[in-house]
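Peer 1: Let me begin by handing over the structure; questions about it come next.
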């Protein structure tokens, strides 16, 4: 079955003023759609790979033939990363986590405020395009970043990092440039207002 672009889980204007409607329209309807379309093109004629769930596909890139591995890595990663991203944002959320997730963040980073500082630093420190992630690795929380559309599911040999993502923030310029221009730091601070910590906590509980 061909991979499909799911609709956003909220109206395109729902995340304003933190992410504007035009950015959401372009980001989802053009950038994300292009990843889906190009992934399907790359997989065409490879029936076994077409049948694989997306997460299994990008977690086992070694099984993808050399001729299409690059396009599958880039576009499959782009499709998975964006789907993950949209579903961890929500209007009227933000605030701070609670329960087991809050305790784990405090244990790993000292405080929620310190965690946010370190996460923002990971996003700012990613030269060019990429992502900042909060992952569970070895039972502990870690902050990592990846270039382009790589993600931790691809493994250390591919993306340079590993772990199960429970939060991912897009730091490609197309994610923020219309509203924030070159001020990536302002965008990263604004995103905290729309992170759905309930969903992050659910992912954390599932990994544990």
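Residue numbers (my numbering): 64 to 271. Glycine residues also receive a C-beta, built at the ideal position from the N, C-alpha and C atoms.
#1: Once you ignore the five residues that flank residue 164 on each side, which residues in its own chain have a CB closer than 6 Å to its CB?
#2: Just to confirm before moving on: does the CB-CB distance between residue 121 and residue 216 stay below 7 Å?
#3: In three-state DSSP terms, what is residue 203?
#4: Alpha carbon to alpha carbon, what distance is there between residue 67 and residue 99?
#5: For my contact list, residue 197 and residue 248 are in at a C-beta cut-off of 8 Å; report their separation, rounded to the angstrom.
#6: Skipping 5 residues on each side, what residues in its chain have a beta carbon closer than 8 Å to that of residue 133?
#7: Name the DSSP bridge partner or partners of residue 232?
#8: I'd like the list of long-range same chain contacts for residue 272, defined as Cβ closer than 6 Å, with 5 residues on each side in sequence excluded.
#9: Are residue 257 and residue 156 touching if we call contact CB-CB under 7 Å?
#10: Using the three-state DSSP reduction, which class does residue 219 fall into: helix, strand or coil?
#11: Note the first and the last residue of the continuous alpha helix (DSSP H) segment covering residue 170.
#12: Which same chain residues end up closer than 7 Å to residue 150 when comparing Cβ atoms and leaving out the 5 residues on each side of it in sequence?
#13: Under the three-state reduction of DSSP, which class applies to residue 127: helix, strand or coil?
#14: Using CA atoms only, rank isn't needed, just tell me which of 159, 109, 127 is closest to residue 177.
#15: Name the residue from 169, 209, 77, 227 whose alpha carbon lies nearest to the alpha carbon of residue 153.
#16: Taking the alpha-carbon positions, what's the residue 119 to residue 244 distance?
Peer 2: In short:
#1: 264, 267
#2: yes
#3: strand
#4: 6 Å
#5: About 18 Å separates the two Cβ atoms, so there is no contact after all.
#6: none
#7: 195
#8: The first residue shown for the chain is 64 and the last is 271, placing residue 272 beyond what the model contains.
#9: yes
#10: helix
#11: 162 to 172
#12: 72, 262
#13: coil
#14: 159
#15: 77
#16: 36 Å
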